[in-house]
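Peer 1: What follows is a structure written as structure tokens; I'll ask about it next.
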Amino acid sequence: MIRHCIDCDRWQINLVVLTEDKEQFTKAIWHDQIPKTGNDSIGYWLPGLRLMEYEKMHFEYYEEDVEVAETTKKMHRFMLQGMKKMHGCLDSGRRHCFLLDSEGIVVRTTYLSDIVKDYLDEPFIIHSPENRNGTVVPVIWSTPCGEMLDIPNFETIGWMLEYYLWIFDSRLYGEIARIFAGAYPIVKGAPEQMFLDICYYAYIWAEKGPYEGPKYRFIEVKEILGDRLFNLMWPRRIYEKGADTKARLDPLRDGRAMIEDMRDWLRWFPNMLVPAAEAWNRQKLALWKVGDYWQTLAFFSIAKSIRLCVSEQNRDVVEAAMVGAMNLDDW
């Protein structure tokens with residue numbers, strides 16, 4: 002993650018893990034043997050990393066006898082991930098939190114602070130009010146947030162996780178945690194298909210309360226890609242024009258995030274790589290979700306705004322990033 006991050010030593014890096022994950026991590030480091038120094042603290046061996054056990058965290062807004070961690074561990078993984086991110090941020094004591102999946106990596110030499118500053122100077126959320134087939138219907142992951150926050154016509158905003166640049170204000174995040182705990186004081190009974198990140202964005206979109214700071218822009222996917230590329234890459238237009246077979250397009254029909262759909266579309270239609278990469282670069286988008294190795298190298302050669310890869314990575318891409326093959330100076 003931090004090999005090409007110039008300023009990561011100045012950051013408080015919190016890694017929220019389950020107890021069983023910590024134990025597995027410990028075994029991987031020491032192979033079931035206590036180090037000769039007698040110091041079995043992971044923090045001792047990984048300075049700069051603050052390891053936080055989810056089960057031992059303080060869950061504000063809940064009574065002491067409520068087993069928040071144990072209850073959410075039995076729920077849908079998205080609920081568990083959401084609670085880990087939200088309360089990990091609140092537990093940090095910081096005003097702003099930059100949330101990344103543990104498998105995210107810095108692929109080019111960069112200052113993480115620049116990414117955060119650029120975003121906070123002009124924060125944005127990429128969304129799409131339409132399904133990939135052009136229909137507008139409630140989104141199963143968004144609906145619970147609209148109901149909890151009492152936001153009418155919430156389906157009109159559509160899907161708000163088209164792009165995973167999660168730089169959150171802990172004060173607003175704390176308000177979401179308070180509302181969630183008030184609605185589900187023992188956690189049990191909470192909708193498991195709920196993205197707490199969407200609730201954060203929904204709160205901003207609906208202007209549910211005061212928010213100090215720059216105003217968010219809500220940008221539609223078609224604005225990012227441009228009308229022509231958007232219409233080419235979404236199945237509804239291709240179905241209408243008969244430009245390709247339904248069998249080939251069916252796997253892409255139910256895509257749910259631009260950053261994920263893009264790698265699938267480029268695998269099926271590689272001729273679209275150049276205009277898609279130009280759109281990414283034009284909008285100065287810093288994140289990418291990796292497809293295959295050669296696709297990534299080609300995309301990066303054009304989209305030089307990319308600094309981070311999020312979610313799971315192709316091993317070849319990770320190794321190329323580690324040796325600096327994707328640094329701008331090399332292009």
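Using the working numbering, you'd call the opening residue of the sequence shown number 2 and step up by one each time. All residues carry an ideal CB built from backbone N, CA and C; glycine is no exception. Note that the structure is a prediction, hence the values are computed from the model and not measured.
Could you have a look at H128 and say whether DSSP puts it in helix, strand or coil?
Peer 2: Reduced to three states, the DSSP call for H128 is strand.
Peer 1: Would you mind working out which of A203, I187 and P271 sits nearest E64, comparing C-alpha positions?
Peer 2: Taking only the C-alpha atoms, the option nearest E64 is I187.
Peer 1: Write down every uninterrupted run of the alpha helix (DSSP H) in the region 91-142 whose length is 4 residues or greater and which is fully enclosed by it, in chain order.
Peer 2: The region 91-142 contains these whole alpha helix (DSSP H) runs: 113-122.
Peer 1: If contacts are defined as beta-carbon pairs under 8 Å, then N282 and S306 qualify, I think. What distance do you get, rounded to the angstrom?
Peer 2: At roughly 5 Å, the Cβ-Cβ gap stays under 8 Å, so N282 and S306 are in contact.
Peer 1: By alpha-carbon positions, which one of D262, M80 and R179 ends up nearest to W289?
Peer 2: Of the listed residues, the one whose Cα sits closest to W289 is D262.
Peer 1: Are the CB atoms of L197 and G83 within a distance shorter than 8 Å?
Peer 2: A contact, by the Cβ cut-off of 8 Å.
Peer 1: In terms of residues, what are the limits of the alpha helix (DSSP H) holding W12?
Peer 2: Taken as a continuous stretch (DSSP letters only), W12 belongs to no alpha helix (DSSP H), as it is neither H nor E.
Peer 1: Going by other Cβ atoms of all chains shown within 10 Å of its Cβ, with 16 needed for buried, is R238 buried or exposed?
Peer 2: Below a pLDDT of 50, predicted positions are generally treated as unreliable, and R238, at 49, falls in that range; the measurement from the model is reported next regardless. That one is exposed.
Peer 1: Identify whether M76 lies in helix, strand or coil by the three-state DSSP scheme.
Peer 2: If DSSP states are grouped into helix, strand and coil, M76 belongs with coil.
Peer 1: Alpha carbon to alpha carbon, what distance is there between V319 and R336?
Peer 2: An answer regarding residue 336 cannot be provided, because it is not within the stretch 2 to 332 covered by the chain.
Peer 1: Under a Cβ-count criterion, where at least 16 other Cβ atoms within 10 Å of its own Cβ denotes burial, should V275 be classed as buried or exposed?
Peer 2: Result: exposed.
Peer 1: How close, in whole Å, do the beta carbons of T110 and N315 come, if the pair is a contact with beta carbons under 8 Å?
Peer 2: 20 Å between Cβ atoms; not a contact.
Peer 1: Since D8 and S114 are thought to touch, with beta carbons under 8 Å apart, how far apart are those beta carbons, to the nearest angstrom?
Peer 2: Confirmed, Cβ separation roughly 5 Å.
Peer 1: Measuring straight from C-alpha to C-alpha, what distance separates M87 and H97?
Peer 2: Going by the C-alpha atoms only, they are around 12 Å apart.
Peer 1: How many Å lie between M76 and V69 at the Cα?
Peer 2: Approximately 11 Å, taken between the alpha carbons.
Peer 1: List the whole-angstrom C-beta distance separating S93 from N15, where the pair is believed to meet the contact cut-off of C-beta under 8 Å.
Peer 2: That pair is a contact at about 6 Å.
Peer 1: Find out if the Cβ-Cβ distance for the pair V18, Y55 is shorter than 8 Å.
Peer 2: Cβ atoms of V18 and Y55: closer than 8 Å.
Peer 1: Please classify R4 as buried or exposed, where buried requires at least 16 neighbouring CB atoms within 10 angstroms.
Peer 2: Answer is exposed; the Cβ neighbour count stays below 16.
Peer 1: Where C200 and M80 are concerned, what is the direct C-alpha to C-alpha distance, given to the nearest angstrom?
Peer 2: Spanning the two alpha carbons is a distance of roughly 12 Å.
Peer 1: Can you give the Cα-Cα distance for P208 and V137, rounded to whole angstroms?
Peer 2: It is Glu, not Pro, that sits at residue 208 in the sequence shown. Near 22 Å, if we compare the C-alpha coordinates of V137 and E208.
Peer 1: Within 10 Å of its beta-carbon, does L121 have 16 or more other beta-carbons around it, so buried, or fewer, so exposed?
Peer 2: By the 10 Å Cβ count, L121 comes out exposed.
Peer 1: In chain order, what residues of the same chain have a beta carbon less than 7 Å from the beta carbon of K223, not counting five sequence neighbours either side?
Peer 2: Cβ within range, chain order: F231.
Peer 1: How should H59 be labelled, buried or exposed, when 16 other C-beta atoms within 10 angstroms of its C-beta is the threshold for buried?
Peer 2: Classification for H59: exposed.
Peer 1: Quick one: what's L309 bridged to in DSSP?
Peer 2: Answer by DSSP bridge pairing, in chain order: V107 and L288.
Peer 1: Please report the distance separating the alpha-carbon of W266 from that of I225.
Peer 2: Cα to Cα, W266 sits roughly 16 Å from I225.
Peer 1: Once DSSP output is grouped into helix, strand and coil, what is the label at E54?
Peer 2: Looking at E54 - three-state DSSP - the assignment turns out to be strand.
Peer 1: Once the 5 residues before and after P145 are set aside, which same chain residues still bring their CB inside 6 Å of it?
Peer 2: Cβ within range, chain order: P192 and M195.
Peer 1: Around the Cβ of W160, are there at least 16 other Cβ atoms within 10 angstroms (buried) or fewer (exposed)?
Peer 2: Looking at its Cβ environment, which holds 16 or more other Cβ atoms inside 10 Å, W160 is buried.
Peer 1: What separation, rounded to the nearest whole angstrom, lies between the Cα atoms of I260 and Q13?
Peer 2: If I take the Cα positions, the gap works out to 27 Å.
Peer 1: Helix, strand or coil: which one does DSSP assign to F169?
Peer 2: F169: strand per DSSP, three-state reduction.
Peer 1: So, using beta-carbon positions, are I127 and I220 closer together than 8 Å?
Peer 2: Yes; because the gap between Cβ atoms is below 8 Å, this pair is in contact.
Peer 1: Please classify E221: does DSSP put it in a helix, a strand, or coil?
Peer 2: The answer is strand: DSSP assigns E221 an E or B state.
Peer 1: Verify whether the separation of the beta carbon atoms of I106 and A258 is less than 8 Å.
Peer 2: Their beta carbons are not under 8 Å apart, which means I106 does not touch A258 by this criterion.
Peer 1: Considering only their Cβ atoms, is the gap separating P215 from E131 smaller than 8 Å?
Peer 2: In this structure, P215 does not lie closer than 8 Å to E131 by Cβ.
Peer 1: List the residues that DSSP assigns as beta-bridge partners of C200.
Peer 2: None; C200 has no bridge partner.
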